[in-house]
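Undergrad: Residue 167 in our numbering sits at position 170 of the sequence shown, and the numbers go up by one each step.
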Amino acid sequence: MIPLAIIALATLTANGSRQLRYSAVALLGVSLAANFVTAGQLSATELAVEGCGALVACGILYVAARDQTYGEDPGWRLWLATIVAAAATAACFATLRTANAETPSVPLFGEDPTGVTAQVASFWLLSSGVAILVTARTPVRGSLGALLMITGVELLVRLLDAPQLGLTVLLAWLEVVVALAGAFLIVNERAVREA
């Protein structure tokens, strides 16, 4: 439960931040918390690949901001995205979870062998990402939503009974490519504004 709370708070911090640099740091916090949730399911190599992908993606957005003032005020979009994400997470978990029909027991802290924690966290990140993308006005929030969704997909992939390294490398590269695309759009938007 505590790792889920950390992921939720880091997501809300990234979503509610007015500065892109703070959002980038909060995204790194989301990734670290997601890696902590399922650390026992991945090898050290896979954790290093995912960690490096998240670090590079967040570094790209941090540099694209260029200063502490650049960003977007989420305003009412923060509340709308949070309400939609919370409702969608509850609905998805109730209908789509892969655990058995028994009431899941979620440990307060530590490894979760049933995978319930990873499922709830991935549903939260996917629904938060979609809600942020729907309410985004600028590439700042669009990049944030896309990166949250990729982190949610990374959590879902960990639940597969298949070799993980190839999928981990693919998703880490996708995270970097999305961050590069977001940085390109951010830099172009700033150039248009300043012209």
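We put the CB at the ideal spot given by N, CA and C, even for glycine.
Note that the coordinates shown come from a computational prediction; the quantities given were computed from them, not determined experimentally.
State the Cα-Cα distance for the pair Gly56 and Glu43, rounded to the nearest angstrom.
TA: Approximately 20 Å, taken between the alpha carbons.
Undergrad: Kindly give me the distance between the Cβ atoms of Ala115 and Leu156, rounded to whole angstroms, as I take these residues to be in contact under 8 Å.
TA: 6 Å
Undergrad: Would you kindly work out how many angstroms separate the C-alpha atoms of Ala62 and Arg18, rounded to a whole number?
TA: 6 Å
Undergrad: Please name the residue, chosen from Thr35, Ala91 and Arg138, that lies closest to Gly149 on a Cα-to-Cα basis.
TA: Distance check between Gly149 and each of Thr35, Ala91 and Arg138 places Thr35 closest, using alpha-carbon atoms only.
Undergrad: With three or more C-beta pairs closer than 8 Å as the rule, is the segment 73 to 87 touching the segment 171 to 190?
TA: Look at the beta carbons and you see the segment 171 to 190 not touching the segment 73 to 87: under three pairs across the two are nearer than 8 Å.
Undergrad: Please report the distance separating the alpha-carbon of Ala31 from that of Leu77.
TA: 23 Å
Undergrad: In the structure shown, what three-state DSSP assignment does Gly37 receive?
TA: Here Gly37 sits in helix by DSSP.
Undergrad: Closest by CA to Trp193, which one among Leu152, Val131 and Ile(-1)?
TA: A query on residue 193 cannot be resolved here, the shown segment of the chain reaching from -2 to 192 and no further.
Undergrad: Apart from the five residues just before and just after Val154, which ones in its own chain have a Cβ nearer than 8 Å to its Cβ?
TA: Gln161, Leu164, Thr165 and Leu168
Undergrad: With DSSP as the reference, label Pro160 as helix, strand or coil.
TA: coil
Undergrad: Closest by CA to Gly50, which one among Gln65, Leu25 and Gly68?
TA: Leu25
Undergrad: Taking only the alpha-carbon atoms, compute the straight-line gap between Leu123 and Val60 and give it to the nearest angstrom.
TA: 25 Å
Undergrad: With distances taken Cα to Cα, identify the nearest neighbour of Ile129 among Ala82, Ala54, Ala159 and Ala2.
TA: With distances taken between Cα atoms, Ile129 lies closest to Ala82.
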